[in-house]
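Those letters in the first sequence? Residues 971 to 1437, per the working numbering, in order. Everything below concerns the one structure shown next.
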Amino acid sequence: MVQDIFAKDIKSAYGLFHEGILALALAERQGMRVDVTYINRQSERITRQIVGLETQFYFSKFFSDWKKSRKGKATKININSSSQLGEYLYGTLELKPTKLTATGKGSTDVEAITQLNIPELNKLLEAKKLKKLRDTYLAGFLREAVDGFIHPFFNLHLVRTFRGSSNSPNFQNVPKRDKVAMQTVRQALYPREGNQLLELDYEQLEVKIATCYHEDPNMLEFIRTGHDFHLDFTKEIFQIDAYDPKVHKVLRAATKNGFVFPEFYGDYYKNCATYMVSNWCNLPSVGIWKAGQGIEVGTEHVSDILLRGGIKSATSFERHLKEIEDDMWNNRFKVYAQWKERWWKQYQKQGYFLSKTGFLFKSVMTRNDAINYPVQGAAFHILLLALIHATKALEREGMKTRIVGQIHDAIVFDVYPPELKKVVRIMKCIMENDVRQIWKWINVPLKVDAELCPVDGSWAEKQDYKI
DNA sequence: GGAACTCGCCAC
DNA sequence: AAACGTGGCGAGTTCC
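Laid out in structure tokens, this is it:
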């Protein structure tokens, strides 16, 4: 049996999870402090906002027409219902969906609704967003709070890639990118009295771990020199010679999240082009673009930049992206591409593979699955190994600082301020050096970034902290 | 009245 | 040749 051949690997993988779950159980027991009074106050405030937005929506012509259209139906109108909205938009009104759901029905998500360009629906979208904050996050914290603490679970037995997960409440999806959502929710979470929250995360961990598998020399060079390859792609896609971070930051974000990462996960130019045009550039998907269209970039608009480079429609943007994709996989990251093929062929032949961390993957996988799983899993295992050693170090040193959570490539601490410097020093050593001593296959440098909150400050107040 | 499903959205 | 990876969770809906 395959299991017998890899007994040694599987045993060490088991050892990691055995020690890992003990360290995570301690973090669960510690828990994170919540401000129940704040949550109650905030929930009431959000409810008032929701009522205001919904009242405006109820007075709209759109709503009265929608309501009329449901005459004679068994269930009465419910503005929270995606299926009712979809029925009305794509059935009754016969609008053409810009996007379909997994089961082939017209989508009613933010992207699809926005493209329909029905201003009255904006109130509904705003209200839905607030409900998410109130009902998922704030209500979840309140429900799970015991004596002013939440104790999120950290599981190691639920994810097919052998990553971890969290629930009740989920500690790993607290709003971060949207500023208002971030503030509203994270202000509910606090350190222990007199303490401060510290978050240490690995920079570019998955990209680096993928490199440990494929060992592409160009990627290795980027990592060793700290070269920003997202910038190279930004310059190519938008044909910019002089990159000015102040002006072109939005284009770099669009490139990184709309092209480079999707390509790494196995997406291809057509999807990326559609997504970049509509979501990141806010440009029309049909017709010839005009000056002054799309997102603002400094003093001009994104269409001005693309037109200057001779890209004048979504169709020509797609052709352009195909060329960049070809160059990406045939030249720049050729060895990476070859590894993907080899890895996939090997899995097809054998029906299983082993991760760098000794985990045996033998389920039925698609091509993208087989390529992504071992990377995602092993990246998390580095974090878990660091977390185990951190837990032991805090215990050994008799420190008052605690680990309260884990977010895939990050550890969250509730720090006793006099120990801050020491914690950072020990952790930097564990995360960047010790794990590489233990796992020699990590042949790339690892780097830790830190974010710190003020003493007695909430999780919303975290700031970059140079270590 | 609960299980199972869909959809949408938050994180990495 | 094929076409974005992993979760948790709330609300609505359908089925038993």
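The beta-carbon is built from N, C-alpha and C at its ideal position, and this holds for glycine as well.
Exercise for review: Could you check if W1411 is buried or exposed, using at least 16 other CB atoms within 10 Å of its CB as the buried criterion?
Suggested key: exposed
**Study point:** Supposed contact pair M1246 and F1234 - C-beta distance, whole angstroms, cut 8 angstroms
**Key:** Not really, about 15 angstroms apart at Cβ, beyond 8 angstroms.
Review point. Residue range of the alpha helix (DSSP H) that L1190 falls in?
Key: 1187 to 1195
Practice item. Could you have a look at A1340 and say whether DSSP puts it in helix, strand or coil? Key: helix
Exercise for review: Tell me whether F1329 sits in a helix, a strand or coil according to DSSP, three-state version.
Suggested key: coil
Point to revise | Bridge partner(s) assigned by DSSP for F1323 | key: F1331
Check your understanding: When the Cα atoms are used, what is the spatial distance from R1366 to I1408?
Key -> 19 angstroms
Check your understanding: In this structure, what does DSSP give as the bridge partners for Y1235?
Key -> According to DSSP, which records beta bridges pairwise, Y1235 is partnered with nothing at all.
Check your understanding: Three-state secondary structure (DSSP) at H1378?
Key -> coil
Exercise for review: Look at the alpha carbon of L1253 and the alpha carbon of Q1263, and state the distance between them as a whole number of angstroms.
Suggested key: 6 angstroms
Point to revise | Contact between the stretch 1369 to 1384 and the stretch 997 to 1006 (3+ Cβ pairs under 8 angstroms) | key: yes
Practice item. Evaluate Y1317 with the Cβ neighbour count: other Cβ atoms within 10 Å of its Cβ, from every protein chain shown; 16 or more gives buried, anything less gives exposed. Key: buried
Practice item. Within 10 angstroms of the Cβ of H1271, are there 16 or more other Cβ atoms? Answer buried if so, exposed if not. Key: buried
Practice item. Below 7 angstroms CB to CB, which residues in the same chain sit around K1332 once its five sequence neighbours on both sides are set aside? Key: V972, G1321, Y1322
**Study point:** Sequence-distant residues of its chain with Cβ nearer than 6 angstroms to N1338 (five each side left out)
**Key:** G1236
Review point. With burial defined as no fewer than 16 other Cβ atoms inside 10 Å of the residue's Cβ, what is the status of Y984: buried or exposed?
Key: exposed
**Study point:** Nonlocal neighbours in the same chain, by C-beta distance under 7 angstroms from K1146, ignoring five residues either side
**Key:** M1152
Review point. Grouping DSSP H, G and I as helix and E and B as strand, with all else coil, what is G1228?
Key: helix
Review point. From the DSSP output, which residues share a beta bridge with M1002?
Key: I1120
Practice item. Go ahead and label S1077 buried or exposed: buried means 16 or more other beta carbons lie within 10 angstroms of its beta carbon, across all protein chains shown. Key: buried
Review point. Span of the beta strand (DSSP E) holding Q1433?
Key: 1433 to 1435
Review point. How big is the Cα-Cα spacing for N1188 and I1352?
Key: 23 angstroms
Check your understanding: How would you call L1023, buried or exposed, if buried means at least 16 neighbouring beta carbons within 10 angstroms?
Key -> buried
Check your understanding: Looking at the unbroken beta strand (DSSP E) that takes in L1168, where does it start and where does it end?
Key -> 1166 to 1172
Review point. Nearest CA to the CA of E1206: which residue from R1003, K1292, L1108?
Key: K1292
Check your understanding: By how many angstroms is the C-alpha of R1312 removed from the C-alpha of V1155?
Key -> 45 angstroms
Point to revise | K1362 burial status per 10 Å Cβ neighbour count (16 or more: buried) | key: exposed
Check your understanding: Can you pull the DSSP bridge partners for E1266?
Key -> H1271
Practice item. Following the continuous beta strand (DSSP E) through E1421, name the residue where it begins and the one where it ends. Key: 1418 to 1422
Check your understanding: Is A1356 near S1325, with beta carbons less than 7 angstroms apart?
Key -> no
Point to revise | Candidates C1182, T1071, F1203: closest to R1194 by CA position | key: C1182
Point to revise | Span of the alpha helix (DSSP H) around S1286 | key: 1284 to 1297
Exercise for review: Give me the Cα-Cα distance between R1162 and T1371, rounded to the nearest whole angstrom.
Suggested key: 10 angstroms
Review point. Exposed or buried, P1388, counting other C-beta atoms within 10 Å across all chains shown (16 or more means buried)?
Key: exposed
Review point. Of the choices I980, Q1085, A1082, S1138, whose alpha-carbon is the least far from that of Y1107?
Key: S1138
Exercise for review: Within the same chain, show all residues whose beta-carbon is closer than 7 angstroms to that of K1043, passing over the 5 residues directly before and after it, in chain order.
Suggested key: none
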